[in-house]
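Every position in the sequence shown, counted from 1, becomes a number in the working numbering once 102 is added.
Each residue gets a CB set at the ideal place from its N, CA and C atoms; glycine is no exception.
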Amino acid sequence: MTRSSPRSAAAPRDAARDKGGGNVMALFVIASCQLMVVLDITIVNIALPHIQSALDFSTTSLSWVVNAYTLTFGGLLLLGGRAGDILGRRRVFIVGVLLFVVASLLGGLAQNSGQLLAARALQGVGGAIASPTSLALISTTFREGPERNRAFGVFAAVSAGGGAIGLLAGGMLVEWLNWRWVLFVNVPIGILIALAAPRWIKESERHPGRFDITGALTSTAGMVLLVYGFIRAAQDGWRDALTLASFGAAVVVLVVFVLVERRSRQPITPLHMFADRNRAGTYGIMLCLAAALFGMFFFLTLFVQNVLNFSPLRAGLAFLPVSAVIAVGAGLASRFLPVYGPKPFMVGGGVLAAAGLAWLTLTDVHSTYAGSVLGPMLVFGLGMGMEFVSLTLMALSNVRVRESGAASGLLNATQQVGGSLGLSILVTVYGTASSNEAAKQVPLFLRQANPAELTQFRRTGQLPSPWGDEVLTHGVSAAFVMAAVFAVLAALIAVLAIQVRPSDLERLQGGSAPEAAGEERTVSGEE
């Protein structure tokens, strides 16, 4: 009797999985993981005022609740993508999800600011392992053409719209339970994803290689030092010795990172990927747009809760239309990309995002949600939906299969590092502008305050409403000016750098292309 091998026994199951709802379920599992990872950036945002009072954060140091996650996430995404290429993407995907679950549990149990920041950093490690393998799995699971375009459209909509969904979910959890549940909620979701992955996702081919640990550590350390420098500048000024030392050390470490990558035989960041003009432009655009996106969610969350006095749940509902509009933008882009190519959507998306942010600079203490917040958010969201689909497709075009994890990690890394770096810059702008406004408002407050308000001010150092609202609104408006500049830069990069070739349109339309043998085969099917 002939004994069937495990490989031949698995083949019918894999074939069945490729038919009917198999790929649909695989996309559902992958998109659910990406939603959990992206959602976690903003689900915490809605709870920031409660975290601040519970664990004694200052307004400027509060951004570290976001940055502790996004820094380790962005810094280690390259290593996570490389791990999937070498060890097998499904295996690494599951490990990353489970690590994310453990970190979320620890964060929900945190009793002080240090414990929370440590747990958030560990969450970033788990996300950095899971997220790039998610994007790489889409590249190798779905066929070139409309099928993969739709899958990328779903992935991009989740990546861009997950932030707004996170604000809604965070508002519900904070309103009905407490801030700790914005972290606890990841535990059952992550466990379900880890259990579903072996059933619906096929394991990828493993490509022998080694890990560039030095590159991962130097890139992460360099970005942490750079972001810390901006946060320190917001608190203690640009002439502070520790601020200047942080910037100087960041430059040195990042230069070392580039030198390490140039000499490494198997670098965590293959520098030859930047030789492609379109891909390099895509990374630059993502860096700028992520900075604008993170800033928009962070500062609007503070504005609607502290100035408009929205409850956490109402604040979450206020951001829900953004998700719907992002999905519309992503759907339009994925449908018409094969006809017009990605460049019109990159340029148009950047212009719309900049217009929305410029509109938000007009907010003041007399603004209303319907009159001053909803319209700009919708314009911004439509632009972001168009952008994310185009950027995802362009970043993975003509990438070798053995490097698809690294390319996915690099795209995600530019998003997360851009978000952290951009948020730190915007917080610095906010801190400077609000300090200048506070210098005007404090004398007015001292002349008009009653004894109870004076006692409270001496104890906390915080101006009450309406003086405090003037300070916060002035700082938020200045931050939106800088965010609009980031979006304009993204549109300019798209105009100057992106070139759409006839072969690009052919791939988007599902046209066949010659395929090289072995490891030199590319994700797009071309050499």
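- Would you kindly work out how many angstroms separate the C-alpha atoms of G186 and F257, rounded to a whole number? Taking the first residue of the sequence shown as position 1, residue 186 is located at position 84. Taking the first residue of the sequence shown as position 1, residue 257 is located at position 155. Going from the Cα of G186 to the Cα of F257 covers about 18 Å.
- Item | Same chain only: Cβ atoms within 6 Å of A382, ignoring 5 sequence neighbours per side | Your numbering for residue 382 matches position 280 in the sequence shown. Here the set comprises F376.
- Straight-line Cα distance separating W569 from G521: Counting from one through the sequence shown, the residue named residue 521 turns up at place 419. Counting from one through the sequence shown, the residue named residue 569 turns up at place 467. Between G521 and W569, the C-alpha separation is close to 30 Å.
- Query: Within the chosen definition, does the segment 198-211 reach the segment 223-233 through at least 3 CB pairs nearer than 8 Å?
  - Reply: The segment 198-211 is in contact with the segment 223-233.
- Task: Would you mind giving the Cβ-Cβ distance between A426 and F490, rounded to the nearest angstrom? I have them listed as a contact below 8 Å.
- Result: Stepping through the sequence shown from its first residue, residue 426 is reached at position 324. Stepping through the sequence shown from its first residue, residue 490 is reached at position 388. Between A426 and F490 a beta carbon distance of about 15 Å is seen, past the 8 Å cut, so the two are scored as non-contacting.
- Message: So, for L445: in the same chain, excluding its five sequence neighbours on each side, which residues have a beta-carbon less than 6 Å away from its beta-carbon?
- Response: The residue labelled residue 445 in the question sits at position 343 within the sequence shown. Here residue 445 is Lys; the residue named in the question, Leu, does not match the sequence. Its chain contains I600 and V602 as the residues whose beta carbon lies nearer than 6 Å to that of K445, once the 5 sequence neighbours on both sides are disregarded; these appear in chain order.
- Can you list, in chain order, the stretches of the alpha helix (DSSP H) that have 4 or more residues and sit fully within the segment 365-425? Counting whole runs of 4 or more residues, the segment 365-425 contains the alpha helix (DSSP H) stretches 379-408.
- Message: So, under 8 Å CB-CB, V194 and T235 are touching, yes? Tell me the CB distance rounded to an integer number of Å.
- Response: Reading the sequence shown from its first residue, position 92 is the one you call residue 194. Reading the sequence shown from its first residue, position 133 is the one you call residue 235. That belief holds up - the Cβ atoms of V194 and T235 are roughly 5 Å apart, short of 8 Å.
- Task: Apply the 10 Å Cβ neighbour rule to P369 and answer buried if 16 or more other Cβ atoms are within range, or exposed otherwise.
- Result: Counted from its first residue, the sequence shown places residue 369 at position 267. By the neighbour-count definition (other C-beta atoms within 10 Å, threshold 16), P369 is a buried residue.
- Message: Helix, strand or coil, according to DSSP, for L208 in the structure here?
- Response: On the sequence shown, residue 208 is found 106 positions in, with the first residue counted as 1. Of the three classes helix, strand and coil, the one that applies to L208 here is helix, per DSSP.
- Task: May I ask you to verify whether the segment 477-484 touches the segment 444-458, counting CB pairs closer than 8 Å and requiring at least 3?
- Result: The answer is yes - the segment 444-458 touches the segment 477-484, with three or more Cβ pairs under 8 Å.
- What is the rounded straight-line gap between the Cα of Q213 and the Cα of G198? Here residue 213 corresponds to residue number 111 of the sequence shown, with the count starting at 1. Here residue 198 corresponds to residue number 96 of the sequence shown, with the count starting at 1. About 25 Å.
- Message: Taking 9 Å as the threshold (C-beta atoms), are G397 and F588 in contact?
- Response: Position 486 of the sequence shown, counted from the start, is the residue given in the question as residue 588. Position 295 of the sequence shown, counted from the start, is the residue given in the question as residue 397. Cβ distance < 9 Å, so F588 and G397 count as in contact.
- Item | Local conformation of V146 per DSSP, three classes | As a working mapping, residue 146 is identified with position 44 in the sequence shown. Correct three-state label for V146: coil.
- Item | T656 - containing alpha helix (DSSP H), residue span | What is shown of the chain runs 103 to 629, which leaves residue 656 out entirely.
- Item | Anticipated Cβ contact below 8 Å, W281 with V131, distance rounded | For the purposes of this step, residue 281 is taken as residue 179 along the sequence shown, with counting starting at 1. For the purposes of this step, residue 131 is taken as residue 29 along the sequence shown, with counting starting at 1. With 8 Å as the limit, W281 and V131 do not qualify as a contact, their Cβ atoms being about 28 Å apart.
- Message: Beta-carbon within less than 8 Å of I153's beta-carbon, same chain only, minus the 5 sequence neighbours each way: which residues are those?
- Response: On the sequence shown, position 51 is the one that residue 153 refers to. These residues qualify, in order along the chain: V146, F159, L164, V167, L218 and W281.
- Beta-carbon separation of L459 and A585 under 9 Å? Position 357 of the sequence shown, counted from the start, is the residue given in the question as residue 459. Position 483 of the sequence shown, counted from the start, is the residue given in the question as residue 585. Contact flag set, yes.
- Do A296 and A75 come within 9 Å of each other at the CB atom, strictly closer than that value? The displayed coordinates of the chain run from 103 to 629. Any statement about residue 75 would go beyond what the structure contains.
- Separation of Q550 from T172, as counted between CA atoms: Walking along the sequence shown from the start, residue 172 turns up at place 70. Walking along the sequence shown from the start, residue 550 turns up at place 448. Rounded to the nearest angstrom, the two C-alpha atoms are 42 Å apart.
- Task: Measure from the alpha carbon of C135 to the alpha carbon of each residue in I315, A596 and L201, then state which is nearest.
- Result: Taking the sequence shown and counting its residues from 1, the one referred to as residue 135 is at position 33. Closest by alpha carbon: L201.
- Query: For A318, which residues from the same chain have a beta carbon less than 8 Å from its beta carbon, with the 5 sequence-adjacent residues on both sides left out?
  - Reply: As a position in the sequence shown, residue 318 is number 216, starting the count at 1. Around A318: G177, L178, L180, L181 and I370.
- Message: Let me check understanding here. Comparing Cα to Cα, which of G477, T465 and R184 lies closest to F582?
- Response: If you number the sequence shown from 1, residue 582 lands on position 480. Between F582 and the set G477, T465 and R184, the nearest pair of CA atoms involves T465.
- Message: When you compare the CB positions of A238 and G272, do they come within less than 9 Å of one another, or not?
- Response: For the purposes of this step, residue 238 is taken as the residue at position 136 of the sequence shown. For the purposes of this step, residue 272 is taken as the residue at position 170 of the sequence shown. For A238 and G272, no; Cβs fall outside 9 Å.
- Task: Could you spell out where the alpha helix (DSSP H) holding P446 opens and where it closes?
- Result: In the sequence shown, residue 446 corresponds to position 344, counting from 1. Note, P446: alpha helix (DSSP H), K445 to L462.
- Item | Backbone secondary structure at Q518 - three-state DSSP | Numbered from 1 along the sequence shown, position 416 holds the residue referred to as residue 518. DSSP places Q518 within a helical segment (H, G or I) once states are collapsed to three.
- Query: By Cβ distance below 6 Å, which residues in the same chain neighbour T516 in space, the five residues on each side in sequence not counted?
  - Reply: For this step, residue 516 is matched to residue 414 along the sequence shown. Y385, M388 and L389.
- Beta-carbon gap between G324 and A347 smaller than 9 Å: For the purposes of this step, residue 324 is taken as the residue at position 222 of the sequence shown. For the purposes of this step, residue 347 is taken as the residue at position 245 of the sequence shown. Not a contact, by the Cβ cut-off of 9 Å.
- Let me know if T575 comes out buried or exposed under the rule of 16 or more other beta-carbons within 10 Å of its beta-carbon. Along the sequence shown, one-based indexing puts residue 575 at 473. Buried is the call here.
- Task: Return the CA-CA distance between R561 and S567, expressed in angstroms with no decimal places.
- Result: The residue given as residue 561 occupies position 459 in the sequence shown. The residue given as residue 567 occupies position 465 in the sequence shown. Approximately 16 Å, taken between the alpha carbons.
- Message: Checking 9 Å against the spacing of the C-beta atoms, do T320 and L356 come in under that value?
- Response: Looking up residue 320 in the sequence shown gives position 218. Looking up residue 356 in the sequence shown gives position 254. The criterion of a C-beta distance shorter than 9 Å is satisfied by T320 and L356.
- Taking just the CA atoms, how far does G473 sit from G418? For the purposes of this step, residue 418 is identified with residue 316 of the sequence shown, where counting begins at 1. For the purposes of this step, residue 473 is identified with residue 371 of the sequence shown, where counting begins at 1. Rounded to the nearest angstrom, the gap between the Cα atoms of G418 and G473 is 18 Å.
- Taking DSSP as the reference, what is the three-state secondary structure of Q543? What you label residue 543 is simply residue 441 of the sequence shown in a count that begins at 1. In this structure, Q543 counts as helix in the three-state DSSP scheme.
- Query: Taking all protein chains shown into account, do 16 or more other C-beta atoms lie within 10 angstroms of the C-beta of N288, making it buried, or fewer, making it exposed?
  - Reply: Taking the sequence shown and counting its residues from 1, the one referred to as residue 288 is at position 186. Buried, because 16 or more other Cβ atoms sit within 10 Å of the Cβ of N288.
- Residue of R379, D342, L391 and I315 minimising C-alpha distance to V362: For the purposes of this step, residue 362 is identified with residue 260 of the sequence shown, where counting begins at 1. Among R379, D342, L391 and I315, the Cα nearest to that of V362 is on I315.
- Task: State the start and end residues of the unbroken alpha helix (DSSP H) segment that holds H576.
- Result: If you number the sequence shown from 1, residue 576 lands on position 474. H576 -> alpha helix (DSSP H) spans W569 to A599.
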